[in-house]
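In my numbering, the protein residues as written are 12 to 189. Quick notes on the structure that follows.
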């Protein structure tokens, strides 16, 4: 019984020592002064786009948040492409249009799926776009945000009558490692 008490006390002592060292180490500041001797705290600010910026000497104000990435909207039709921000989207076929028709009572809103060709600086790809589901490439985010005309009871939409609105936004550049 004495041996187990000694082992317990030794283990507890080690845990306390590790905790004390960790607390001491976290209070030490690894900050380096700038050329004027200014030292800023190491806290960070999260920008609206999700990036994080730190403080910059000599005023120790937070660095400015990056400018929002450019964005545009493209209106297209079946087999008629539209371009913007070095991206071209050409819809070819409506694979699904299960939107709830105007005047109907539905248990879900439905969706639209469109097969399209996506051309950008990275090449050409066949892509299936679903309403309000962003597709992300290395350089941009493309999203089918609106499909017209709205679905109506007992009225079929001809492929030539469809109009699609795509939102294209450039992805912000990744921050360089420090």
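C-beta: ideal position from N, C-alpha, C; glycine also. Since this is a predicted model, take the numbers as computed values, not measurements.
Name, in chain order, the residues that DSSP records as bridge partners for residue 84.
178
Quick one: what does DSSP say residue 70 is sitting in, helix, strand or coil?
coil
Whole beta strand (DSSP E) runs in the region 110-181 with 3 or more residues, listed along the chain?
123-131, 134-141, 151-159 and 174-181
Buried or exposed: which applies to residue 70, given that a residue is buried once 16 or more other Cβ atoms fall within 10 Å of its Cβ?
exposed
Which whole-angstrom value is the C-beta distance of residue 80 and residue 183, which I expect to be below 8 Å?
5 Å
Let's test the definition: count the other Cβ atoms within 10 Å of the Cβ of residue 110 and tell me whether it reaches 16, buried, or not, exposed.
buried
Report buried or exposed for residue 153, applying the criterion of at least 16 other Cβ atoms within 10 angstroms of its Cβ.
buried
Considering residue 194, what are the terminal residues of the beta strand (DSSP E) in which it resides?
With the chain covering 12 to 189 only, the question about residue 194 has no answer from this structure.
On the CB-based measure, 16 or more other CB atoms within 10 Å of its CB, does residue 127 come out buried or exposed?
buried
In terms of alpha-carbon separation, which member of 118, 97, 177 and 148 lies closest to residue 125?
177
Near residue 40, what residues of its chain come up, given a Cβ to Cβ distance below 7 Å and the 5 sequence neighbours on each side ignored?
Because residue 40 sits at a pLDDT of 48, beneath the cut-off of 50, its placement in the model cannot be relied upon, and the following sentence gives the value as read from the coordinates. Hits under 7 Å: none found.
List the endpoints of the continuous beta strand (DSSP E) containing residue 105.
98-108
Give me, in chain order, the residues of the same chain whose beta-carbon lies closer than 7 Å to that of residue 100; leave out the 5 immediate sequence neighbours on both sides.
85, 87, 92, 93, 127, 129, 153 and 177
Return the CA-CA distance between residue 113 and residue 102, expressed in angstroms with no decimal places.
24 Å
If you draw a straight line from the C-alpha of residue 53 to the C-alpha of residue 28, how long is it?
26 Å
Which of the three DSSP states, helix, strand or coil, is assigned to residue 21?
helix
Checking the sheet assignment: what are the DSSP bridge partners for residue 64?
56
Among 22, 61 and 90, which residue has its Cα nearest to the Cα of residue 171?
90
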